[in-house]
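Structure, as structure tokens:
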Amino acid sequence: MTSTARSSQLTATGAARAGGLGVLAGRTVSRVGYGAMQLRRLDREAAIALLRRAVELGIDHVDTAHFYGNGFVNEVIAAALRPEDDVLVVSKVGAEPAPGGPIPLRLAQRPEQLRAGVEDNLKSLGLERLPLVNLRRADHGPGLRPEGDQIVDLDDQLAVMADLRDEGKIGAIGLSSVPLDGLRRALPMGIACVQNAYSLVARDDEDMLRLCLAEDIAWVPYFPLGGAYAGLPKVTDEPAVATAAQALGVAPAQIGLAWLLQHTSNTLLIPGTADPEHLWANTDAGAISIDEATLAALDAVPTRSGDIELG
Numbered sequence: 001m002t003s004t005a006r007s008s009q010l011t012a013t014g015a016a017r018a019g020g021l022g023v024l025a026g027r028t029v030s031r032v033g034y035g036a037m038q039l040r041r042l043d044r045e046a047a048i049a050l051l052r053r054a055v056e057l058g059i060d061h062v063d064t065a066h067f068y069g070n071g072f073v074n075e076v077i078a079a080a081l082r083p084e085d086d087v088l089v090v091s092k093v094g095a096e097p098a099p100g101g102p103i104p105l106r107l108a109q110r111p112e113q114l115r116a117g118v119e120d121n122l123k124s125l126g127l128e129r130l131p132l133v134n135l136r137r138a139d140h141g142p143g144l145r146p147e148g149d150q151i152v153d154l155d156d157q158l159a160v161m162a163d164l165r166d167e168g169k170i171g172a173i174g175l176s177s178v179p180l181d182g183l184r185r186a187l188p189m190g191i192a193c194v195q196n197a198y199s200l201v202a203r204d205d206e207d208m209l210r211l212c213l214a215e216d217i218a219w220v221p222y223f224p225l226g227g228a229y230a231g232l233p234k235v236t237d238e239p240a241v242a243t244a245a246q247a248l249g250v251a252p253a254q255i256g257l258a259w260l261l262q263h264t265s266n267t268l269l270i271p272g273t274a275d276p277e278h279l280w281a282n283t284d285a286g287a288i289s290i291d292e293a294t295l296a297a298l299d300a301v302p303t304r305s306g307d308i309e310l311g
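Position 19 of the sequence shown, counting from 1, maps to 19 under UniProt numbering, and the rest follow consecutively.
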């Protein structure tokens, strides 16, 4: 192995990249990243400590949004991460904070709202340019659905995202909660990643995943263990998952994450947690190798994602 190859196995801080090497927005990153939404559950000191621990564990990409904690999560990231850490911070737009509401966000899909969302992310992260911004749509998967002036054509949204890229405010464009036809429409724009709900028990987007693989687009599933909405099954409840975990001496949740990494080479993970022990377990899942027989048993688990209740 050459010195260049060896160095690519390590983050800028010298830690082995969690889960091995992945590519996101043209950069080499750890295949196991960190979804920062749960940081809003912590106080500032604990949140900073958790992020520093993530860096120590070999994580060098973090997924966030200004609407996570109404700027709190982004501000913590800005305080915790140092330039020498060289962590890729991925943000998103398409929603905005809704403090006191039944859920803590509401859609913000209009082009001017997307632009405002980019500006909010720039300010709260303390950046002049966002390396990658995901456009969070609301027409696919679990979650909110647009109504009234929040029903916006994808082409209009992509146009403003392209303008922001041309202006140098964002580096690359990703999509979230988008159907297959939406991704196909967006391909000429140069899409860096897709974030959709996807797990061992919720594989309705398999065709989209395969298109991403063919087009060298990173697949970054959210709800990677299911169970986040009523009607969405949990990966850890599957007998095949429990059997695999027992055989390999690991936790069922780790099997669910390891399966995703072995399923396709373009998959990156951003599991979120506010617990340092869970953070270590999520990171360690990137080192689990599932044998072919066990993998076949897991692949045979049927998808059961059709009865999700929208929240």
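For each residue, glycine too, the CB sits at the ideal point set by N, CA and C.
Computed from a predicted model, the values in this text were never measured in an experiment.
**Request:** Report the option in P276, L268 and G256 whose CA atom is closest to the CA atom of G22.
**Result:** When C-alpha distances from G22 are compared across P276, L268 and G256, the shortest belongs to L268.
**Asked** The beta strand (DSSP E) with K92 in it runs from where to where?
**Response** Counting along the chain, the beta strand (DSSP E) containing K92 begins and ends at L88 to V93.
**Message:** In this structure, how does DSSP classify H61 when only helix, strand and coil are distinguished?
**Reply:** Of the three classes helix, strand and coil, the one that applies to H61 here is strand, per DSSP.
**Item:** the region 281-296 contacting the region 255-271, beta-carbon criterion three pairs below 8 Å
**Value:** Result yes; three or more Cβ-Cβ pairs closer than 8 Å.
**Asked** What are the boundary residues of the beta strand (DSSP E) that includes N282?
**Response** Not the beta strand (DSSP E): N282 falls in the alpha helix (DSSP H), residues P276 to D284.
**Where P131 sits in the DSSP three-state scheme** = Correct three-state label for P131: strand.
**P239, buried or exposed, once every other Cβ within 10 Å from all chains shown has been counted against 16** = Exposed: under 16 other Cβ atoms inside 10 Å.
**Prompt:** Apart from the five residues just before and just after P111, which ones in its own chain have a Cβ nearer than 8 Å to its Cβ?
**Reply:** Result list for P111: V152, D156, Q157, A159 and V160, in chain order.
**Message:** Let me confirm a value: Q109 is counted as buried when at least 16 other C-beta atoms fall within 10 Å, else exposed. Which label applies?
**Reply:** Buried is the call here.
**Request:** Verify whether the separation of the beta carbon atoms of L39 and V73 is less than 8 Å.
**Result:** Yes, they are a contact pair.
**Item:** Length-filtered (3 minimum) beta strand (DSSP E) runs lying within the region 126-185
**Value:** If one requires a minimum length of 3 residues, the beta strand (DSSP E) runs lying completely within the region 126-185 are 130-136 and 170-176, in chain order.
**Message:** Can you check whether the C-beta of G117 is within less than 8 Å of a C-beta belonging to chain C?
**Reply:** Judged by its chain identifiers, the structure shown contains no chain C, having just a single protein chain.
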